[in-house]
Amino acid sequence: MKRFPLFIALLLFVVTMSAQSPTPSDGRDVKVEDPLLDKLVGNWRVIRKFGDGRTAENTVRVGWVL
Numbered sequence: 190m191k192r193f194p195l196f197i198a199l200l201l202f203v204v205t206m207s208a209q210s211p212t213p214s215d216g217r218d219v220k221v222e223d224p225l226l227d228k229l230v231g232n233w234r235v236i237r238k239f240g241d242g243r244t245a246e247n248t249v250r251v252g253w254v255l
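Laid out in structure tokens, this is it:
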């Protein structure tokens with residue numbers, strides 16, 4: 190019977206920890222920090238070669254947009 194209060198306390202602890210809301214992963218107040226995306230910012234020249242011998246050249250400008 191001595192273990193019952195300990196079990197109740199542990200159960201209450203687990204319930205309160207699971208009831209807390211997690212930090213939002215997206216939304217208005219979350220700042221995006223991604224080193225890969227930072228490296229993609231700039232002007233890119235893309236040349237594609239197709240199987241039938243054709244090539245296509247495109248220029249792409251990449252930047253952060255709010």
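Quick note on my numbering: the sequence shown kicks off at 190 and runs consecutively.
We put the beta carbon where it would ideally sit given N, CA and C, even for glycine.
In this text the structure is predicted, and so the values were computed from the model without any measurement.
- The alpha-carbon separation between Val204 and Pro211 amounts to approximately 14 Å.
- Per DSSP, the unbroken beta strand (DSSP E) holding Lys238 starts and ends at Gly231 to Lys238.
- In this model, Pro213 and Ala245 are separated by some 42 Å (Cα to Cα).
- According to the DSSP secondary-structure assignment, Arg192 is paired through a beta bridge with no residue.
- Judged by DSSP in its simplified three-state form, Thr212 adopts coil rather than helix or strand.
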